[in-house]
Amino acid sequence: MSGTSAASGGLQAALSYCVRQVRSYDYHHYLCLLHLPPAMRKAAFTFRAFNVETAKAMDVVSDPKTGLMRLLWWKDVIDKVFTKKLVEHPVAQALSSVASEQKISKHWLKRSVDARINDANRDEGAIPETTAELESGLLLLLKALPHHVNKQGMIPYIPASVAEECGLLTREGGRSEVRMDDRLPDAVFKVASIAEAHLQKARELALSVPREAVPVLLPALPAQVLLDSLRRCEFNVFDSRLSRGVHGVSPLWYQFVGTKLYAGTGLVLLNPCWHRRSRRLCFLSVQSFPDFILIIKPLLLSRYYS
Numbered sequence: 003m004s005g006t007s008a009a010s011g012g013l014q015a016a017l018s019y020c021v022r023q024v025r026s027y028d029y030h031h032y033l034c035l036l037h038l039p040p041a042m043r044k045a046a047f048t049f050r051a052f053n054v055e056t057a058k059a060m061d062v063v064s065d066p067k068t069g070l071m072r073l074l075w076w077k078d079v080i081d082k083v084f085t086k087k088l089v090e091h092p093v094a095q096a097l098s099s100v101a102s103e104q105k106i107s108k109h110w111l112k113r114s115v116d117a118r119i120n121d122a123n124r125d126e127g128a129i130p131e132t133t134a135e136l137e138s139g140l141l142l143l144l145k146a147l148p149h150h151v152n153k154q155g156m157i158p159y160i161p162a163s164v165a166e167e168c169g170l171l172t173r174e175g176g177r178s179e180v181r182m183d184d185r186l187p188d189a190v191f192k193v194a195s196i197a198e199a200h201l202q203k204a205r206e207l208a209l210s211v212p213r214e215a216v217p218v219l220l221p222a223l224p225a226q227v228l229l230d231s232l233r234r235c236e237f238n239v240f241d242s243r244l245s246r247g248v249h250g251v252s253p254l255w256y257q258f259v260g261t262k263l264y265a266g267t268g269l270v271l272l273n274p275c276w277h278r279r280s281r282r283l284c285f286l287s288v289q290s291f292p293d294f295i296l297i298i299k300p301l302l303l304s305r306y307y308s
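In the numbering used here, the protein residues as written are 3 to 308.
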């Protein structure tokens with residue numbers, strides 16, 4: 003096998019690894035990325051896989067110091083990628099390929115790792131003061147609250163300002179903690195309302211987004227699905243329906259299918275439109291039965307990964 007063929011095969015294996023990682027650990031975004039134009043998928047799956055790797059760093063080890071070292075290693079990987087140094091990791095190899103073909107931001111990649119390092123360095127009982135400190139991760143953090151509740155029943159990611167307003171904040175020995183009681187849904191509602199406002203603003207801005215950039219807005223769909231699911235569960239993040247879906251089927255599947263069936267005669271694929279019934283911005287529709295099958299096939303599989 004020639005060197006060129008071997009390199010091509012290695013890159014293909016690296017990209018396949020990225021797709022598998024996203025499919026296994028970030029399935030909602032996996033569904034969204036499937037509908038990107040082919041020219042965008044390589045970079046999109048690479049960045050999502052990078053996010054998966056850094057997100058897992060603290061969860062797959064028993065010693066937090068080991069997880070922190072892993073995050074620092076990823077910061078070093080970014081430097082090597084931009085200096086064209088080889089790193090024996092499939093995500094790093096995919097990043098190197100994307101960086102050689104497109105103009106990507108080293109600053110934003112490192113900032114994403116820095117955010118995880120800062121989170122790893124937080125005291126277990128430390129809580130953010132305001133929702134602004136949580137930036138764009140509001141919904142993800144709400145979804146992950148059951149996972150992050152500590153053994154003492156304290157919750158790390160409800161902002162102190164919201165917790166105090168809802169009567170959940172306790173102060174002792176110079177420390178502030180958010181305790182878990184029946185008022186937690188009130189706090190979740192307030193944080194979710196802020197996320198809803200951000201999503202509404204995104205919808206307004208989407209109307210001025212160039213047509214070719216519209217596909218990158220697809221993650222708004224799972225975000226809205228999570229908000230709707232929280233609402234149906236009365237903002238109880240411990241409700242099993244949030245992860246189980248309806249009869250084992252992910253609510254995201256119903257959202258996609260509902261959009262297709264309600265579209266009637268169909269719109270232009272990936273052309274944003276206002277869903278008349280729910281007043282939501284829809285990005286997917288079909289114009290023929292083969293298109294419908296092409297879109298629905300991966301969604302049918304989502305029932306096994308919900």
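Using N, Cα and C, we set each Cβ at its ideal position, and we do this for glycine too.
This structure is a prediction, so every number in the text was calculated from the model and none was measured.
**Prompt:** Got a sec? Which residues, its chain only, sit under 7 Å from Cys235 by beta carbon, not counting five neighbours each side?
**Reply:** Asp241, Arg243, Leu244
**Prompt:** Between which two residues does the alpha helix (DSSP H) carrying Gly69 extend?
**Reply:** 66-84
**Prompt:** Is the Cβ-Cβ distance between Val164 and Ala189 less than 8 Å?
**Reply:** yes
**Asked** Rounded C-beta distance between Gln226 and Leu201? I'm assuming under 8 Å.
**Response** 6 Å
**DSSP three-state assignment for Ala59, whether helix, strand or coil** = coil
**Request:** Leaving aside the five residues before and after Gly69 along the sequence, list all residues of the same chain whose C-beta is less than 7 Å from its C-beta, in chain order.
**Result:** Ala59, Met60, Val63, Ala122
**Request:** Count the other C-beta atoms from every protein chain shown that fall within 10 angstroms of the C-beta of Thr172, then say buried if there are 16 or more, exposed otherwise.
**Result:** exposed
**Request:** With distances taken Cα to Cα, identify the nearest neighbour of His91 among Phe191, Ser18, Arg181.
**Result:** Ser18
**Nearest residue (CA-CA) to Ser114, options Val24, Leu229, Asn53** = Asn53
**Message:** I need the DSSP call for Tyr19, collapsed to helix, strand or coil.
**Reply:** helix
**Asked** Roughly how many whole angstroms lie between the Cα atoms of Phe49 and Arg233?
**Response** 30 Å
**Request:** Drop a sphere of 10 angstroms on the beta-carbon of Glu326, count the other beta-carbons inside from all chains shown, and report buried for 16 or more, exposed for fewer.
**Result:** Shown here, the chain extends from 3 to 308; a query on residue 326 therefore has no answer.
**Request:** Give the C-beta separation of Ser107 and Val83 to the nearest angstrom, bearing in mind that I take them to be a contact with Cβ-Cβ under 8 Å.
**Result:** About 12 Å separates the two Cβ atoms, so there is no contact after all.
**Prompt:** Helix, strand or coil: how does DSSP classify Asn238 here?
**Reply:** coil
**Item:** C-alpha distance - Thr371 paired with Ala96, whole-angstrom precision
**Value:** The requested residue 371 does not occur in the structure, where the chain is confined to residues 3 to 308.
**Asked** Counting along the chain, where does the alpha helix (DSSP H) carrying Val115 start and finish?
**Response** 108-123
**Message:** So the candidates are Ala199, Pro221, Ile119, Leu13; which of them puts its Cα closest to the Cα of Arg72?
**Reply:** Ile119
**Message:** For Val310 and Arg43, I'd like the C-alpha separation in whole angstroms.
**Reply:** Residue 310 is absent from the structure shown; the chain starts at 3 and stops at 308.
**C-alpha gap between His31 and Glu167, whole angstroms** = 34 Å
**Prompt:** Whose C-beta lies closer than 7 Å to the C-beta of Leu38 among residues of the same chain, with five residues either side of it excluded?
**Reply:** Ala46, Pro217
**Item:** alpha helix (DSSP H) segment containing Glu198, residue limits
**Value:** 186-208
**Request:** Give the range of the alpha helix (DSSP H) segment to which Glu90 is assigned.
**Result:** First-last for Glu90: undefined, no H or E at that position.
**Message:** Please identify the residue among Gly169, Glu198, Glu103, Val93 whose C-alpha is closest to the C-alpha of Leu144.
**Reply:** Glu198
**Request:** Could you tell me if Ala15 is buried or exposed, where buried requires 16 or more neighbouring beta carbons within 10 angstroms of its beta carbon?
**Result:** exposed
**Asked** When burial is assigned at 16 or more other CB atoms within 10 Å of the CB, is Ala41 buried or exposed?
**Response** exposed
**Request:** Check whether the Cβ atoms of Ala101 and Val79 sit closer than 8 Å, and answer yes or no.
**Result:** no
**Asked** Under a three-way DSSP split, which group does Val164 fall into?
**Response** helix
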